[in-house]
Every structure is written in C-alpha cells, then in structure tokens.
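Colleague: Encoded as structure tokens, here's the structure I'll be asking about.
Numbering (my numbering), first residue to last: 41 to 288.
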C-alpha cells in the first residue's frame, strides 16, 4: 500500500516512547521514511535501526524522564514531535485486580504519559512550537467486552482527558496535543491477550463493523497526519481508529 507523504516532517526531530515494539515501532519506521530524525525512548528495542537513536528510560521514573529530556534537548534541541506509545495491559476482573497490577498499568499508561508530556512540553513551549500525540485507546471511551481490564480502561480514559487538558493549556503557545485511540490492532500486546484467551479474537472481529483487526500501519498513518502541518488546526482531538467498534 502506498501511504501519504508529509514534506513538513522531513528533517524534524521526533521522540517516540514505547518505540521498541508494536504500534510505536512501526510508527518509528514510518517517521524515518518521511525523513524525520527519530529518538526512541524505551526499555529495549526488538529491531535495530542504524538511522534511529535509542535511549533507555523507564517512563514511570519522572526524574529519569527529565534527565533524558535534558540530554536530548542539549544534543539536538527541542523536539518537533513527541509520540507517547509506551503502554501495557493487565487483565483481571475488578474484584480480583491486585493493587500492584492496577498501579503498574496506571504508572506506565497514564503517569508515564504525563511525565513525558510535561518534560518535553516545557522545552516545546519555550520554542513556541510542536506536536504531541498520545496513544490512548477506544477503551478510554467504552468498557470493552468480554475481557476485563479495569486498570487499562481507566488509565486510557485518563490519557484522553489529559490530552484535552494539555491542549487547552498550551494551544495559544504553539504546542498542539492530540490523541489516537486505536481499536483492536495486531500487535505483540494483543497477541499476549489472545494467548490467554484465543476466542477473544473471534469475538472482537464479530463486534467490529469492518469485521477485522487493524494493523499498526493504520494507526501510524493517523499519527503522522496529526504530527504534520496538515493538522495545524487540530488540538485536543481524540481520533478513534477502531474499524467502527465504538459505533455499536
């Protein structure tokens, strides 16, 4: 498939958390194809790219995020684009969800997203420009069925509202903040859930009007649009890319 090209992304500095796998990894490759300079922040990378800078960081550690942010800005300047794609899921019924599992999901999916937005946002505000895109989920808008994932749903709802809040605060200072809420996408994270319950895949497709699971590229395409100058009048938007799942 031929994907859209965005000349405005050529040469721009892009920082991607969770860029070591899944949607984040595929989006990294797509940014590179646009001519962007990419820095990946993650605990590890599943693929090695000579044209991508990798820096190890735990997004739940606010001090570590602040430190790596300072390092990046010192070396290359304030980023033009920040993509928050780091995230995990823990499946358990609400009454059985352990405090540790609850906290781990919230720490990575919500708090980690905020720490990164805050750290890089300060420099982007100083520069008077930039686009931040947060990977949320349709689970932030609906309570998914039949799997039980209360911590993930709550954290992703928080990401959507965090996005809107930051967008309102920073709009008049040149920094746009949007989120993308994918539906069921064929990633390692999804495979992990299906390993525990293979029947979920059938149910998900039956409940999705398009009748299929999406691809990381289909999410990456939305991210690149929001990062580009083509989306210059968009901020505070949550773009749901779910094959129609949330319409029913």
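Glycine residues also receive a C-beta, built at the ideal position from the N, C-alpha and C atoms.
(1) Taking the continuous beta strand (DSSP E) assigned at residue 184, which residues delimit it?
(2) Name the residue from 227, 129, 246 and 243 whose alpha carbon lies nearest to the alpha carbon of residue 254.
(3) Keeping to the same chain, check which residues put their C-beta closer than 6 Å to that of residue 251; ignore five residues upstream and five downstream.
(4) Under DSSP, the alpha helix (DSSP H) around residue 230 begins and ends at which residues?
(5) Closest to residue 161 by CA distance: which of 123, 130 and 139 is it?
(6) In three-state terms, what does DSSP make of residue 281?
(7) Short check: CB of residue 67 to CB of residue 194, under 8 Å?
(8) Quick check: the Cα distance between residue 249 and residue 225, rounded to an integer number of angstroms?
(9) Rounded to whole angstroms, what's the CA-CA distance from residue 34 to residue 136? Just pull it up for me.
(10) Report buried or exposed for residue 238, applying the criterion of at least 16 other Cβ atoms within 10 angstroms of its Cβ.
(11) Given a cut-off of 8 Å on the beta-carbon distance, is the pair residue 219 and residue 181 in contact?
(12) Please state if the CB of residue 107 and the CB of residue 188 are separated by a distance shorter than 8 Å.
(13) Residue 215 by DSSP, collapsed to three states: which one?
(14) With distances taken Cα to Cα, identify the nearest neighbour of residue 76 among 191, 183 and 45.
(15) Please say whether residue 202 and residue 154 have beta carbons closer to each other than 8 Å?
(16) Kindly indicate which residue of 282, 276 and 272 has the alpha-carbon position closest to the one of residue 49.
(17) Taking 8 Å as the limit between beta carbons, can you name the residues of its chain near residue 276, skipping five residues before and five after?
(18) Counting C-beta neighbours from all protein chains within 10 Å, is the total for residue 134 16 or more, i.e. buried, or is it exposed?
(19) Compare the beta carbon distance of residue 264 and residue 279 with 8 Å and say whether it is the shorter of the two.
(20) Can you tell me the Cα-Cα spacing of residue 74 and residue 198, whole angstroms?
(21) What do you reckon, are the CB atoms on residue 60 and residue 86 nearer than 8 Å?
(22) What is the DSSP secondary structure of residue 174, reduced to helix, strand or coil?
(23) For residue 150 and residue 141, what's the separation of their Cα atoms in angstroms?
(24) Quick one: residues in its chain with C-beta nearer than 6 Å to the C-beta of residue 71, no 5 flanking neighbours on either side, listed in chain order?
(25) DSSP three-state call for residue 254: helix, strand or coil?
Modeller: So, from the listed chains and residues:
(1) Counting along the chain, residue 184 falls outside any beta strand (DSSP E), and DSSP gives it neither H nor E.
(2) Comparing Cα positions, the closest option is 227.
(3) Spatial neighbours of residue 251 in its own chain (CB-CB distance under 6 Å, excluding positions within 5 residues in sequence) are listed in chain order as 245.
(4) Per DSSP, residue 230 belongs to the alpha helix (DSSP H) from 228-236.
(5) That would be 123, whose Cα lies nearest to the Cα of residue 161.
(6) Correct three-state label for residue 281: strand.
(7) Not closer than 8 Å, so no.
(8) One Cα belongs to residue 249, the other to residue 225, and the distance between them is close to 14 Å.
(9) Since the first residue shown for the chain is 41 and the last is 288, residue 34 is missing from the structure and cannot be characterised.
(10) By the C-beta density criterion, residue 238 is exposed, having fewer than 16 other C-beta atoms within 10 angstroms.
(11) The answer is no: Cβ separation not under 8 Å.
(12) Not closer than 8 Å, so no.
(13) Three-state DSSP puts residue 215 in a strand.
(14) Here the closest residue by C-alpha is 45.
(15) In this structure, residue 202 lies closer than 8 Å to residue 154 by Cβ.
(16) When each option's Cα is compared against that of residue 49, the closest is 272.
(17) When the five nearest sequence neighbours on each side are left out, the beta carbons in the same chain lying within less than 8 Å of the beta carbon of residue 276 are those of 203, 204, 207, 208, 211, 217 and 218, in order along the chain.
(18) Residue 134 comes out exposed.
(19) Not closer than 8 Å, so no.
(20) Here the C-alpha atom of residue 74 lies approximately 31 Å from the C-alpha atom of residue 198.
(21) Yes, the Cβ-Cβ distance between residue 60 and residue 86 is below 8 Å.
(22) Strand at residue 174.
(23) Taking the straight line from one Cα to the other gives about 14 Å.
(24) Beyond the five residues adjoining it in sequence on each side, residue 71 comes within less than 6 Å, by CB distance, of 54 and 78 in the same chain, given in chain order.
(25) Per DSSP, reduced to three states, the secondary structure at residue 254 is strand.
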